[in-house]
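*Asks:* This is the structure I have questions about; it appears just below.
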Amino acid sequence: MGLRLIQGGRSVDGAPGLLIEHAAEVATMAGGTRLGVRMDDPALLVAPGGDPGHEAAPAVACWEGRILAAGPRNDLVKALEGSNYPIARFARLDAGGGTVTPGLIDPHTHLLFGGSREGELVLRQRGADYLEILQAGGGILSTVAATRAATDEQLAEHGRRWLGEMLAHGTTTIEAKSGYGLDLPTELRLLEIAYELGKEGPVDVLPTWLGAHAVAPEFRARPDGAEAYVRYLLEEQLPGVVAQGRARFADVFCERGVFSPSQSRRVLEEAARLGLASRLHADELAPSGGAELAAEIGALSADHLAVPSDAGVDALAAAAAAGHPVVAVVLPATTWFLMHDEVAPARRFIERGIPVALATDFNPGTSPTASLPLVMTVACLELKLTPSEALAAVTINAAAALGLGDELGSIETGRQADLAIWNVPTHRQIPYWPAADLIRAVVKRGRVVLERAGVP
Ligand code: NIG
Ligand code: FE
Numbered sequence: 078m079g080l081r082l083i084q085g086g087r088s089v090d091g092a093p094g095l096l097i098e099h100a101a102e103v104a105t106m107a108g109g110t111r112l113g114v115r116m117d118d119p120a121l122l123v124a125p126g127g128d129p130g131h132e133a134a135p136a137v138a139c140w141e142g143r144i145l146a147a148g149p150r151n152d153l154v155k156a157l158e159g160s161n162y163p164i165a166r167f168a169r170l171d172a173g174g175g176t177v178t179p180g181l182i183d184p185h186t187h188l189l190f191g192g193s194r195e196g197e198l199v200l201r202q203r204g205a206d207y208l209e210i211l212q213a214g215g216g217i218l219s220t221v222a223a224t225r226a227a228t229d230e231q232l233a234e235h236g237r238r239w240l241g242e243m244l245a246h247g248t249t250t251i252e253a254k255s256g257y258g259l260d261l262p263t264e265l266r267l268l269e270i271a272y273e274l275g276k277e278g279p280v281d282v283l284p285t286w287l288g289a290h291a292v293a294p295e296f297r298a299r300p301d302g303a304e305a306y307v308r309y310l311l312e313e314q315l316p317g318v319v320a321q322g323r324a325r326f327a328d329v330f331c332e333r334g335v336f337s338p339s340q341s342r343r344v345l346e347e348a349a350r351l352g353l354a355s356r357l358h359a360d361e362l363a364p365s366g367g368a369e370l371a372a373e374i375g376a377l378s379a380d381h382l383a384v385p386s387d388a389g390v391d392a393l394a395a396a397a398a399a400g401h402p403v404v405a406v407v408l409p410a411t412t413w414f415l416m417h418d419e420v421a422p423a424r425r426f427i428e429r430g431i432p433v434a435l436a437t438d439f440n441p442g443t444s445p446t447a448s449l450p451l452v453m454t455v456a457c458l459e460l461k462l463t464p465s466e467a468l469a470a471v472t473i474n475a476a477a478a479l480g481l482g483d484e485l486g487s488i489e490t491g492r493q494a495d496l497a498i499w500n501v502p503t504h505r506q507i508p509y510w511p512a513a514d515l516i517r518a519v520v521k522r523g524r525v526v527l528e529r530a531g532v533p
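Going by the numbering used here, the sequence shown opens with residue 78, and the numbers climb by one from there.
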């Protein structure tokens, strides 16, 4: 095994190298974005005879925050010894017969908000409809009021708490939307706090501007409220967000009764012109033209897609076939928590060659879970993804949904060394033990950032 010297990466406390050994399985996810039948191939390295103590059991070597190589331990150590990477300069991490995967990536969260909405769960149990609750001033709008009233410190504390929860479930990178401010000062606060939390680490946070999450309360009484709010977004809020420079992406809740495809297009096209890549809440509650729009404007992702039209699925398939895939970010915890019967047709997306990713949609109304392993379980049970497909959907394909498919999401030479080590002997058991704490350790940029003591 030849090793090439890797430049860059964040320097590591103490040893510049990290060697993870005694794994029963390493799911490398090597080989790029997964489409079609390849979604089911996690590019595994496995211990001979399932014995993690075997000299050829798979190991992963990291150097200065990047993946150096993964392979049988004996070959890997020989290659390190015969190279510029002195074995003495590698800290050791014992995988304890567990599984190593790329750190999980959550490409759709509403991380920051004030308050909580457990009351709506009971209202929905009694038959209330999600959009009716919103139109009556509850739902997103009640969280907007609580978020505006929260201090920066309260929002940051909340963010830290839930980022910690995400990390404890194997997540190393997330996208985080604004959208509970709907006025410029609060939207800017949300983007700034998300950015600062990412800088604080260890979880990387990529902020998305979602000013078009709902029509702001100040505009709702007006007969032309939605249109006036869109004009305000374009003329005031978006320029302010761009001047601040924290948001990477723009998103719109494109849904019948919220923002139309043409309003969504205006917001996203102007945002793209100003440098923000597009993503879209599409076809969550009714076929609303969202999938079609996402394909037409070349969005990075179309999210939800619980009820896309046939034309929308055709448009996403055509984009993928033309080599400009829009990632279908499906959110099965949301349809589960909303108790909706119709779930995203993920098998159809896979058959049509559309790349599928999974995300938590972490938010106080429709998906108050921060756990990607739980989302993987729901994806297996309700969308009929295989466990290997579910893993691809929270690693390599989730990286593609964030435009980071060349940097994150797989264990390949030169990639950022973000890894999750699980206390199960195969990745197929990650969705199989719902709600268990399966994480043994998490590595971010080659540094061990979480380790559970005393786990065999
Ligand atoms: O993705 N659907 C729009 N936005 C969120 C829910 C926001 C909320 O209910 O607070 C979602 O499900
Ligand atoms: Fe969402």
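We put the beta carbon where it would ideally sit given N, CA and C, even for glycine.
On a CA-only basis, which of TRP499, THR443 and ALA530 is nearest SER193? Give me that one, please.
*Replies:* THR443
*Asks:* Mind checking whether the beta-carbon of HIS99 lies closer than 7 angstroms to any heavy atom of the ligand NIG?
*Replies:* no
*Asks:* Beta carbon of VAL407, beta carbon of VAL384: below 8 angstroms?
*Replies:* Against a cut-off of 8 angstroms, the Cβ pair of VAL384 and VAL407 comes out as no contact.
*Asks:* May I ask whether a heavy atom of the ligand NIG can be found less than 7 angstroms away from the beta carbon of HIS187?
*Replies:* yes
*Asks:* Could you name the residues of the same chain whose beta carbon sits closer than 7 angstroms to that of LEU274, not counting the 5 residues immediately before and after it, in chain order?
*Replies:* Residues ALA233, GLY236, ARG237, LEU240 and VAL282 of the same chain have their beta carbon placed closer than 7 angstroms to that of LEU274, with the five preceding and five following residues left out of the count.
*Asks:* Give me the DSSP bridge partner(s) of PRO235.
*Replies:* Pro is not the amino acid found at residue 235; the sequence shown has His there. Per DSSP, none; premise fails for HIS235.
*Asks:* With 16 other CB atoms within 10 Å as the buried threshold, where does THR176 fall?
*Replies:* Around the beta carbon of THR176, a 10 Å sphere encloses 16 or more other beta carbons of the protein chains shown; the residue is thus reported as buried.
*Asks:* Am I right that ILE488 and THR105 are in contact with their C-beta atoms under 8 angstroms? What's the rounded C-beta distance?
*Replies:* 4 angstroms
*Asks:* Quick one: any contact between the region 157-176 and the region 130-141, if contact means 3 or more CB pairs under 8 angstroms?
*Replies:* yes
*Asks:* Which residues in the same chain as ARG325 place their Cβ atom closer than 8 angstroms to its Cβ, once the five residues preceding and following it in sequence are excluded?
*Replies:* Answer for ARG325: LEU283, PRO284, THR285, LEU353 and ALA354, listed in chain order.
*Asks:* Spatial neighbours of ASP495 within its chain, please: C-beta separation below 6 angstroms, excluding the five flanking residues on both sides.
*Replies:* GLY180, THR249 and LYS521
*Asks:* At which residues does the beta strand (DSSP E) containing SER378 begin and terminate?
*Replies:* 378-381
*Asks:* Looking at the unbroken alpha helix (DSSP H) that takes in TRP286, where does it start and where does it end?
*Replies:* For TRP286, there is no enclosing alpha helix (DSSP H); the residue is part of the beta strand (DSSP E) that begins and ends at 281-289.
*Asks:* Regarding ASN440 and the ligand GDP, is the C-beta to nearest heavy atom distance less than 7 angstroms?
*Replies:* What this structure holds is the ligand NIG and the ligand FE, not the ligand GDP.
*Asks:* Taking buried to mean at least 16 other C-beta atoms within 10 Å of its own C-beta, is HIS401 buried or exposed?
*Replies:* Residue environment: HIS401 is assigned as exposed (fewer than 16 neighbouring CB atoms within 10 Å of its CB, all protein chains considered).
*Asks:* Apart from the five residues on each side of it in sequence, which residues of its chain come closer than 6 angstroms, Cβ to Cβ, to SER448?
*Replies:* HIS246
*Asks:* Taking the beta carbon of ARG356 as the centre, do at least 16 other beta carbons fall within 10 Å, making it buried, or is it exposed?
*Replies:* buried
*Asks:* Quick check on the burial criterion: 16 or more other C-beta atoms within 10 angstroms. Buried or exposed for PRO464?
*Replies:* buried
*Asks:* Looking at the ligand NIG, does it come within less than 7 angstroms of ILE217, judged from the CB to the closest heavy atom?
*Replies:* yes
*Asks:* Report the CB separation of LEU310 from ALA289 in whole angstroms; it is logged as a contact under 8 angstroms.
*Replies:* In this structure LEU310 touches ALA289 by the C-beta definition: roughly 6 angstroms separates them, less than 8 angstroms.
*Asks:* Quick check on VAL501: does DSSP put it in helix, strand or coil?
*Replies:* In the structure shown, VAL501 sits in coil (DSSP, three-state: anything other than H, G, I, E or B).
*Asks:* Taking MET116 and ALA478 to be in contact with their CB atoms under 8 angstroms, please state how far apart those CB atoms are, rounded to whole angstroms.
*Replies:* At roughly 14 angstroms, the Cβ-Cβ gap does not stay under 8 angstroms, so MET116 and ALA478 are not in contact.
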